[in-house]
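J.: Just add 286 to the spot in the sequence shown (first one is 1) and you have our numbering. Cβ coordinates follow ideal geometry from the N, Cα and C atoms, glycine included. Before I ask anything, here is the structure I am working with.
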Amino acid sequence: MTQADAPHRRIVVIGAGFSGLASAITLAQQGHDVTVVEKHSMAGGRARVFEADGYRFDMGPSWYWMPDVIETFFQSAGTSVSEHFDLIRLDPSYRVWYADGPVNVPAGLEAVRALFEEMEPGSSSSFDAFMDEARKKYELGMDEYVWKTGHSVTEFTNPMSVVRSFGLSMFGSLSRHVKSFFSSERIQQLLEFPVLFLGSRAAQSPALYSLMNHADITLGTWYPEGGMYELVRALQNIATASGVTFQFDTEVLEIVDDGQKVSNVRTSAGAIECDSIIAAADYHFVEQQLLNPKWRRYSAEYWDSRQMSPGALIYYLGLDTRVPELEHHNLYFDVPFNAHADKIYSEPGWPDEPLFYAAVPSKTDDNVAPDGHENIFILVPLAAGLADNRKAQDDIWENILDRLSETSGINIRDHIAYRKEYTHANFEMDYNAFKGNAYGLANTLNQTAFLKPKMRSKLAGLFFAGQLTTPGPGVPPSLISGAVAAREANEWLTSLPRRKEAVVS
287 MTQADAPHRR
297 IVVIGAGFSG
307 LASAITLAQQ
317 GHDVTVVEKH
327 SMAGGRARVF
337 EADGYRFDMG
347 PSWYWMPDVI
357 ETFFQSAGTS
367 VSEHFDLIRL
377 DPSYRVWYAD
387 GPVNVPAGLE
397 AVRALFEEME
407 PGSSSSFDAF
417 MDEARKKYEL
427 GMDEYVWKTG
437 HSVTEFTNPM
447 SVVRSFGLSM
457 FGSLSRHVKS
467 FFSSERIQQL
477 LEFPVLFLGS
487 RAAQSPALYS
497 LMNHADITLG
507 TWYPEGGMYE
517 LVRALQNIAT
527 ASGVTFQFDT
537 EVLEIVDDGQ
547 KVSNVRTSAG
557 AIECDSIIAA
567 ADYHFVEQQL
577 LNPKWRRYSA
587 EYWDSRQMSP
597 GALIYYLGLD
607 TRVPELEHHN
617 LYFDVPFNAH
627 ADKIYSEPGW
637 PDEPLFYAAV
647 PSKTDDNVAP
657 DGHENIFILV
667 PLAAGLADNR
677 KAQDDIWENI
687 LDRLSETSGI
697 NIRDHIAYRK
707 EYTHANFEMD
717 YNAFKGNAYG
727 LANTLNQTAF
737 LKPKMRSKLA
747 GLFFAGQLTT
757 PGPGVPPSLI
767 SGAVAAREAN
777 EWLTSLPRRK
787 EAVVS
């Protein structure tokens, strides 16, 4: 009998969403033994998929933005996006419905400049300056900020990042920043909508987030042929090929420690011993429900004081007819913009006339609906924490049907072949989502970067990934979060004493 150094460590990843898959891939490719535990029957988390009556619905994310970040992650895993699925750039990127009709936002910087010039004559020079600053912020963010752990402010104040940020509007409000370039209310809404739907109103978001306008306008809006779940499928295939084991239909009941560090994960299928854990489930749920209270970094009062991103009321709709007036992505800004935003952030409640978003992937993909039919995903952003309200939800549904019918010239009610509603309660039940949130924490200045919940737990060996920690909500940030958490875990594991195992000679 001789002794040999153990070649790897045992790691459990809780949750098979984007951050969990990214963590699992990264750690497995570093030689570790990785098991992903997922409560659902498939990978994807909020990005799961379901089929019904000939329709295939992506359940959550529908915007494929920041393709450079996704490609970078695939290349770090030794592959490329094109080896797994084809990407289609959408043109127009999306259609915006105003009270007096639609406006298509075209693909490409030059085309959007021309559109803005029509909306606000003489704005081309302002557009160029605004987009140049957005590009610099995006490049600075990718190079200096988003791949940081967020442990300390010092990570974000190195000399290079300070020099590169000189002259950029970073900490004033995004709303004020946009208004300093454009007077057109429509242009302002177009440039502010990404933060409204992904975490905060523009008046509360730092101007740093104009980087999202570079992602939108310059990098473009894409669609993975087959649907957004193709990205999940590709990541799962990469993970499996890297040696990751998946345990589906398995709930985590407790994170067990030995008094100093993680010891095992108790699940509905039994205990799994481990050296480290990546918690890629809801941060609040893991800390408050799965962890020994003495290891909790944040109190219930802390969580209650956080400003959450919007929740969402979602409808999956199958129509037995085509709707020519709709594009792949449609934003309905045909009602007062600020009135709904107030109901999300200032005076939480149910909006009388909701802004909403409608994705129609059947415009691009023939495989998501029967021939001659339309597949429509409708999302209404709502204040997090709203209890489901049948009357309010029914009123919103009827309002949406009226507006879809009016703008399309088709009586939508007469053509509904399939309908499914997904509410705050579903988010809480399916994802243990704190206050039913859909996107995590709001992107406010006091919840940005090192002010977000920390990746590293007080319990040694436990690390957090996902939209409630750095860098924040969205598909590309979740991939980054998973990769960074995996890097942190690997560094911690390499600091442990070498484990010896008996080997028969």
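1. Using a threshold of 8 angstroms, state whether the C-beta atoms of G747 and K547 are closer than that.
2. Our contact map puts Y643 next to N685 with C-beta atoms below 8 angstroms; I'd like the distance itself, whole angstroms only.
3. Quick one: residues in its chain with C-beta nearer than 7 angstroms to the C-beta of F619, no 5 flanking neighbours on either side, listed in chain order?
4. According to DSSP, is E774 helix, strand or coil?
5. Figure out for me which residue from A520, Q575, E471 has the closest Cα to the Cα of G512.
6. If you compare alpha carbons, which of A772, I662, F749, P353 is closest to L505?
7. Let's see if you can read the secondary structure: which residues bound the alpha helix (DSSP H) around N390?
8. Would a C-beta distance cut-off of 8 angstroms place F663 and F343 closer than the cut-off?
9. Which residue wins for smallest C-alpha separation from S595, given the options P492, E587, K721?
10. Tell me which residue opens and which closes the beta strand (DSSP E) that W383 is part of.
11. Please report how far the alpha carbon of E777 lies from the alpha carbon of F467, in whole angstroms.
12. Determine whether the beta carbon atoms of F479 and N718 lie at a separation below 8 angstroms.
13. Using the three-state DSSP reduction, which class does L617 fall into: helix, strand or coil?
14. Check G597 in the structure and name its three-state DSSP category.
15. What are the residues that DSSP puts in a beta bridge with V542?
16. Would a C-beta distance cut-off of 8 angstroms place A557 and A724 closer than the cut-off?
17. If we count the other Cβ atoms within 10 Å of its Cβ and call it buried at 16 or more, is D561 buried or exposed?
18. Alpha carbon to alpha carbon, what distance is there between D418 and H659?
19. Of the choices N390, P739, L672, whose alpha-carbon is the least far from that of I473?
20. Nearest to D628 by alpha carbon, out of R676, A489, P783, A415?
T.: With the structure as the only source:
1. yes
2. Contact flag wrong, Cβ pair sits at about 14 angstroms.
3. V382, W383, Y384, Q475, L641
4. helix
5. A520
6. P353
7. No alpha helix (DSSP H) holds N390; the beta strand (DSSP E) holding it covers 387–391.
8. yes
9. K721
10. 380–384
11. 45 angstroms
12. no
13. strand
14. strand
15. N550
16. no
17. buried
18. 42 angstroms
19. N390
20. A489
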